[in-house]
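Student: First the structure, then my questions, so here it is.
In my numbering, the protein residues as written are 0 to 257.
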């Protein structure tokens, strides 16, 4: 099992800050979120940072605002980016409500995985604009049926699973062969996400200890974005960065010790 840090952790600070922090805290690699800032920087420069700091980009993550671009062309584009970066997983959202359980799209996806050697893992959590559609394949009421009928690879966003009434322990135990990536971040029952694992909303240490019992070969990504909070407090830029690093370090240690 690899323990990763999201490249979005210190946004809007430069990507190199994330590489430096990931190296410092002992992460096994990064999950690169394909934000506009990453494309502006250039994937070649992102890969150069990976080589310089000897820290692999293990996952490529499609951000939710690109959700409508996960047709075949979108998937192929993300897979080629993953191959360019030497990544093993692509995390994508189930793109449209019209792709139901019987769609040949998912057979095509399995063919791409076999040909390209990259796992394509679909988010278990629907983006907010789609999660109210009851026939959406990523909806929690249909998720396990979807996994079993289409045999697709998935992620496990633990916080959204809990809020949707899914027991993450049982879900992981039943579907771990299909789960390639686990996303871990704090949350509140008011719908705030990515807030850190120390708020008492969920036993993250207990869950991580449970996962480690299975010798699971996937990747776990810490997805917390403390700068979203600190920047609004009006702290000086360097102080905000230092605070964010401290929060991430504390949360990462929590997961490492589980």
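Ideal Cβ positions, reconstructed from N, Cα and C, are used throughout, including at glycine.
It should be emphasised that the depicted structure is a prediction, and the values quoted were computed from it without experimental measurement.
Got a sec? Which residues, its chain only, sit under 7 Å from residue 192 by beta carbon, not counting five neighbours each side?
Tutor: Numbered from its first residue, the chain shown carries residue 192 at position 193. Here the set comprises 158, 184 and 186.
Student: Rounded to whole angstroms, what's the CA-CA distance from residue 242 to residue 256? Just pull it up for me.
Tutor: Residue numbering aside, residue 242 sits at position 243 when the chain shown is read from its first letter. Residue numbering aside, residue 256 sits at position 257 when the chain shown is read from its first letter. Rounded to the nearest angstrom, the two C-alpha atoms are 22 Å apart.
Student: Applying the criterion that 16 or more other CB atoms from any shown protein chain within 10 Å of the CB defines a buried residue, is residue 51 buried or exposed?
Tutor: As a first step, residue 51 must be located in the chain shown, where it is residue number 52. By the neighbour-count rule (16 or more Cβ atoms within 10 Å), residue 51 is not buried but exposed.
Student: If residue 221 and residue 201 are in contact, beta carbons under 8 Å, what's the gap, nearest whole angstrom?
Tutor: Along the chain shown, read from residue 1 onward, the residue named residue 221 stands at position 222. Along the chain shown, read from residue 1 onward, the residue named residue 201 stands at position 202. Actually they do not touch by this definition, with Cβ atoms about 14 Å apart.
Student: Using the rule of at least 16 other Cβ atoms within 10 Å of the residue's Cβ for burial, across every protein chain shown, is residue 107 buried or exposed?
Tutor: Your numbering for residue 107 matches position 108 in the chain shown. With fewer than 16 Cβ atoms within 10 Å of its Cβ, residue 107 is classed as exposed.
Student: In the structure shown, what three-state DSSP assignment does residue 49 receive?
Tutor: Within the chain shown, numbered from 1, the residue matching residue 49 stands at position 50. Correct three-state label for residue 49: helix.
Student: My output table needs one value for residue 245: the three-state DSSP class, helix, strand or coil.
Tutor: As a first step, residue 245 must be located in the chain shown, where it is residue number 246. Residue 245 falls in the helix class under three-state DSSP.
Student: Out of curiosity, what's the CA-to-CA distance linking residue 53 and residue 254?
Tutor: Position 54 of the chain shown holds residue 53. Position 255 of the chain shown holds residue 254. Between residue 53 and residue 254, the C-alpha separation is close to 22 Å.
Student: Sort 33, 244 and 56 by Cα distance to residue 87 and report the nearest one.
Tutor: On the chain shown, residue 87 is found 88 positions in, with the first residue counted as 1. For residue 87, the nearest C-alpha among the options comes from 56.
Student: Work out the CA separation of residue 83 and residue 148 for me, nearest whole Å.
Tutor: To locate residue 148, count along the chain shown from 1; it is residue 149. To locate residue 83, count along the chain shown from 1; it is residue 84. C-alpha separation (whole angstroms): 31 Å.
Student: So which of 85, 0 and 75 has the shortest CA-CA distance to residue 42?
Tutor: Locating residue 42 in the chain shown gives position 43, counting from the first residue. Looking at the Cα atoms, 85 is the closest of the given residues.
Student: Taking C-alpha atoms, which residue in 24, 75 and 247 lies nearest to residue 224?
Tutor: Translated into the one-based positions of the chain shown, residue 224 becomes position 225. Residue 247 is the option with its Cα nearest to residue 224.
Student: Return the chain-ordered ranges of every alpha helix (DSSP H) run that is complete within the segment 141-212 and spans a minimum of 4 residues.
Tutor: Entirely contained in the segment 141-212, the alpha helix (DSSP H) runs reaching 4 residues are, in chain order, 142-149, 157-162, 167-174 and 203-211.
Student: State the CB to CB distance for the pair residue 48 and residue 18, rounded to an integer number of angstroms; the pair is presumed to be in contact (CB under 8 Å).
Tutor: Residue 48 sits at position 49 when you count from the first residue of the chain shown. Residue 18 sits at position 19 when you count from the first residue of the chain shown. That belief holds up - the Cβ atoms of residue 48 and residue 18 are roughly 5 Å apart, short of 8 Å.
Student: Using DSSP with H/G/I as helix, E/B as strand and the rest coil, what is residue 85?
Tutor: Translated into the one-based positions of the chain shown, residue 85 becomes position 86. Here residue 85 sits in coil by DSSP.
Student: Cβ atoms of residue 58 and residue 30: under 8 Å apart, would you say?
Tutor: One-based indexing of the chain shown puts residue 30 at position 31. One-based indexing of the chain shown puts residue 58 at position 59. For residue 30 and residue 58, yes; Cβs fall inside 8 Å.
Student: Does any C-beta atom of chain C lie closer than 8 Å to the C-beta of residue 149?
Tutor: In summary, chain C is missing from the structure at hand, where a single protein chain is found.
Student: Apply the 10 Å Cβ neighbour rule to residue 244 and answer buried if 16 or more other Cβ atoms are within range, or exposed otherwise.
Tutor: Position 245 of the chain shown, counted from the start, is the residue given in the question as residue 244. Its Cβ being crowded by 16 or more others within 10 Å, residue 244 is buried.
Student: Strictly by DSSP, which residues pair up with residue 223?
Tutor: On the chain shown, position 224 is the one that residue 223 refers to. Answer is none; residue 223 lacks a bridge partner.
Student: Helix, strand or coil, according to DSSP, for residue 58 in the structure here?
Tutor: Position 59 of the chain shown holds residue 58. Correct three-state label for residue 58: strand.
Student: Beta-carbon separation of residue 1 and residue 218 under 8 Å?
Tutor: Here residue 1 is taken as the residue at index 2 of the chain shown, counted from 1. Here residue 218 is taken as the residue at index 219 of the chain shown, counted from 1. Yes, the Cβ-Cβ distance between residue 1 and residue 218 is below 8 Å.
Student: Can you look up residue 254 in the DSSP assignment and give me helix, strand or coil?
Tutor: Along the chain shown, read from residue 1 onward, the residue named residue 254 stands at position 255. Note: residue 254 maps to helix in three-state DSSP.
Student: Which residue's Cα is closest to the Cα of residue 103: 150, 118, 90 and 10?
Tutor: Sequence index remark: in the chain shown, residue 103 carries index 104 (1-based). Among 150, 118, 90 and 10, the Cα nearest to that of residue 103 is on 150.
Student: Suppose you measure from the CA of residue 175 to the CA of residue 78; what does that come to, to the nearest Å?
Tutor: Walking along the chain shown from the start, residue 175 turns up at place 176. Walking along the chain shown from the start, residue 78 turns up at place 79. Computed Cα separation, rounded: 22 Å.
Student: Given this structure, state the Cα-to-Cα distance separating residue 211 from residue 70, to the nearest angstrom.
Tutor: Locating residue 211 in the chain shown gives position 212, counting from the first residue. Locating residue 70 in the chain shown gives position 71, counting from the first residue. Those two C-alpha atoms are separated by around 34 Å.
Student: Please state whether the Cβ-Cβ distance between residue 213 and residue 167 is less than 8 Å.
Tutor: Here residue 213 corresponds to residue number 214 of the chain shown, with the count starting at 1. Here residue 167 corresponds to residue number 168 of the chain shown, with the count starting at 1. Contact: no.
Student: Just the Cα atoms here: how many angstroms apart are residue 163 and residue 122?
Tutor: Here residue 163 refers to the residue found at position 164 of the chain shown. Here residue 122 refers to the residue found at position 123 of the chain shown. Taking the straight line joining both Cα atoms gives about 14 Å.
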